[in-house]
Amino acid sequence: MIRFTPEAVAQWRSEHPASAPGATPVVRLSVVAGGCAGLRYVLESVPAPAADDIRMPHDGLLVTCAPADLPRLRGLCVDYVDAMVGGGYRFANPNAGRTCGCGESFAEPAD
196 MIRFTPEAVA
206 QWRSEHPASA
216 PGATPVVRLS
226 VVAGGCAGLR
236 YVLESVPAPA
246 ADDIRMPHDG
256 LLVTCAPADL
266 PRLRGLCVDY
276 VDAMVGGGYR
286 FANPNAGRTC
296 GCGESFAEPA
306 D
């Protein structure tokens with residue numbers, strides 16, 4: 196499934212607190228056309244998953260994605276790097292054929 200490192204979980208929770216005490220923050224991960232390599236990741240804070248979303252509880256977050264995106268995201272690891280230059284969320288995707296230099300977009304493997 197999709198994994199967030201402890202650093203990514205902590206950063207997400209600090210940027211997107213739960214909507215109510217005791218509620219679990221929901222992060223929706225999707226893949227859209229764009230970026231240097233052709234496809235890019237989108238992380239969104241949403242109030243609730245879409246009806247058909249795949250739901251993956253993970254260390255106090257509810258990670259969701261559309262069923263159509265799961266083949267591209269299966270095995271993805273989301274990390275957070277805290278740095279003055281080049282900091283931010285990082286994506287390690289075993290399904291990527293190649294990634295761009297900034298690490299925020301990817302291309303599917305050539306057939």
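Here the sequence shown stands for residues 196 to 306, numbered as in this note's numbering. From the three backbone atoms N, C-alpha and C, an ideal C-beta is built for every residue, glycine too.
{"Query": "Residues near Arg-235 by beta carbon distance below 7 Å, same chain, minus five either side", "Result": "Val-227, Gly-229, Glu-299 and Ser-300"}
{"Query": "Bridge partners - His-253, DSSP secondary structure assignment", "Result": "Leu-256"}
{"Query": "Contact under 8 Å by Cβ, Ser-225 with Val-237", "Result": "yes"}
{"Query": "Whole-angstrom distance between Gly-233 and Arg-198, CA atom to CA atom", "Result": "23 Å"}
{"Query": "Residue from Ala-302, Arg-285, His-253 and Phe-286 with nearest C-alpha to Arg-293", "Result": "Ala-302"}
{"Query": "Pro-216 vs Trp-207 beta-carbon contact at 8 Å", "Result": "no"}
{"Query": "Backbone secondary structure at Val-204 - three-state DSSP", "Result": "helix"}
{"Query": "Close-in-space but distant-in-sequence residues of the same chain around Asn-290 (CB under 6 Å, 5 per side omitted)", "Result": "Arg-267"}
{"Query": "Where the alpha helix (DSSP H) containing Arg-223 begins and where it ends", "Result": "No alpha helix (DSSP H) contains Arg-223, which is instead part of the beta strand (DSSP E) from 221 to 228."}
{"Query": "Arg-285 - DSSP class collapsed to helix/strand/coil", "Result": "strand"}
{"Query": "Contact belief for Val-276 with Gly-283 at Cβ below 8 Å, rounded distance in angstroms", "Result": "7 Å"}
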